[in-house]
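In this note's numbering, the protein residues as written are 180 to 436.
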């Protein structure tokens, strides 16, 4: 996950929503989403999982990746940026070092989920994916074709993070061009939304229950993202504080179709 940079009214409003205190996980737990939303069955064919930054795929869909791998499904991942801007403004050298660190963290995290191929790294600029959507679409489309994907999974295009939204739009277009279903996973939505939020298309949402083993694998994978879990500097909070991690360590994951 990377925090959005502000540029323009819409992005400033989105950044403000993400910078706000956010919804407590207890409120989401009280909503009892698994009791009110349909339960999905795991797909049986190859699955391509798209991320805007290293860690998005684990936060939003990591438990299901572990479940798919346990069931013998083929899972392939593509990460559109290296998340080099997650710590804010920095020198090119510092950003390159962070990008390399985050690639390494992602490799280790995916290894915790199970045996799957190395991720495809598109190397597009963090915080500017909306300027490279056609490139992102081409990268995603090529992987869908190569593996004969049955389903593509990507960040939700309504997540209020410009990179997540761009990744989601690119995946939707790539899937639509191939008649490949696209499932969307929220990341920041759990922070800025509420259980009754009308901005969330709950009528298209479904849950994927997770076994204890899948949850354990996801927790181990999340622990690998130390650059996002540790303070970014003296007196600076982590990109992923405990209250955000709580949204992503439930007994189920949610997708929007």
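C-beta atoms are modelled at their ideal positions from N, C-alpha and C, and glycine is treated no differently.
Cβ distance (whole Å) where residue i is taken to contact residue j below 8 Å
{"i": "residue 330", "j": "residue 301", "result": "Their Cβ separation, rounded to whole angstroms, is 20 Å, which puts residue 330 and residue 301 out of contact at 8 Å."}
{"i": "residue 418", "j": "residue 364", "result": "Actually they are not in contact, since the Cβ atoms of residue 418 and residue 364 sit about 18 Å apart, beyond 8 Å."}
{"i": "residue 221", "j": "residue 250", "result": "6 Å"}
{"i": "residue 291", "j": "residue 396", "result": "6 Å"}
{"i": "residue 341", "j": "residue 304", "result": "Between residue 304 and residue 341 the Cβ distance is about 12 Å, and since that is not below 8 Å, they are no contact."}
{"i": "residue 273", "j": "residue 181", "result": "At roughly 14 Å, the Cβ-Cβ gap does not stay under 8 Å, so residue 273 and residue 181 are not in contact."}
{"i": "residue 353", "j": "residue 316", "result": "5 Å"}
{"i": "residue 204", "j": "residue 426", "result": "6 Å"}
{"i": "residue 312", "j": "residue 348", "result": "6 Å"}
{"i": "residue 373", "j": "residue 206", "result": "7 Å"}
{"i": "residue 411", "j": "residue 362", "result": "Not a contact, Cβ separation roughly 32 Å."}
{"i": "residue 296", "j": "residue 255", "result": "6 Å"}
{"i": "residue 424", "j": "residue 387", "result": "19 Å between Cβ atoms; not a contact."}
{"i": "residue 378", "j": "residue 337", "result": "7 Å"}
Residue from the options whose Cα sits closest to the Cα of residue i
{"i": "residue 382", "options": "217, 404, 351 and 373", "result": "217"}
{"i": "residue 322", "options": "405, 206, 403 and 253", "result": "253"}
{"i": "residue 380", "options": "207, 368, 248 and 422", "result": "368"}
{"i": "residue 431", "options": "385, 404 and 408", "result": "385"}
{"i": "residue 375", "options": "211, 192 and 193", "result": "211"}
{"i": "residue 420", "options": "377, 370 and 391", "result": "370"}
{"i": "residue 390", "options": "247, 275, 232 and 236", "result": "247"}
{"i": "residue 279", "options": "308, 436, 233 and 344", "result": "233"}
{"i": "residue 404", "options": "326, 262 and 327", "result": "262"}
{"i": "residue 398", "options": "298, 293, 377 and 275", "result": "293"}
{"i": "residue 298", "options": "319, 414 and 307", "result": "319"}
{"i": "residue 194", "options": "214, 373, 306 and 213", "result": "306"}
{"i": "residue 223", "options": "215, 327, 413 and 355", "result": "327"}
{"i": "residue 346", "options": "414, 409 and 308", "result": "308"}
{"i": "residue 406", "options": "219, 277, 191 and 209", "result": "277"}
Residue interval of the alpha helix (DSSP H) (run including residue i)
{"i": "residue 255", "result": "Element bounds for residue 255: not the alpha helix (DSSP H) but the beta strand (DSSP E), 254-260."}
{"i": "residue 371", "result": "368-371"}
{"i": "residue 326", "result": "312-326"}
{"i": "residue 280", "result": "271-292"}
{"i": "residue 264", "result": "That residue, residue 264, is in no alpha helix (DSSP H); it is neither H nor E in DSSP."}
{"i": "residue 425", "result": "From DSSP, residue 425 is part of no alpha helix (DSSP H); its letter is neither H nor E."}
{"i": "residue 200", "result": "Segment: none, residue 200 is in no alpha helix (DSSP H) and carries neither H nor E."}
{"i": "residue 406", "result": "405-408"}
{"i": "residue 212", "result": "212-215"}
{"i": "residue 205", "result": "204-209"}
Range covered by the beta strand (DSSP E) that runs through residue i
{"i": "residue 432", "result": "431-435"}
{"i": "residue 303", "result": "299-303"}
{"i": "residue 237", "result": "From DSSP, residue 237 is part of no beta strand (DSSP E) but of the alpha helix (DSSP H) over 235-249."}
{"i": "residue 334", "result": "330-334"}
{"i": "residue 230", "result": "226-230"}
Exercise for review: Say whether the segment 195-210 touches the segment 279-296, bearing in mind that this needs 3 or more beta-carbon pairs closer than 8 Å, one atom from each stretch.
Suggested key: no
Exercise for the section: Determine contact between the segment 238-255 and the segment 267-275, defined as no fewer than three beta-carbon pairs at a distance below 8 Å. Expected result: no
Exercise. If you scan the segment 344-397 from start to end, which runs of the alpha helix (DSSP H) of 4 or more residues do you find wholly inside it?
Worked result: 368-371
| Is the segment 321-337 touching the segment 221-236, taking contact as three or more C-beta pairs under 8 Å? | yes
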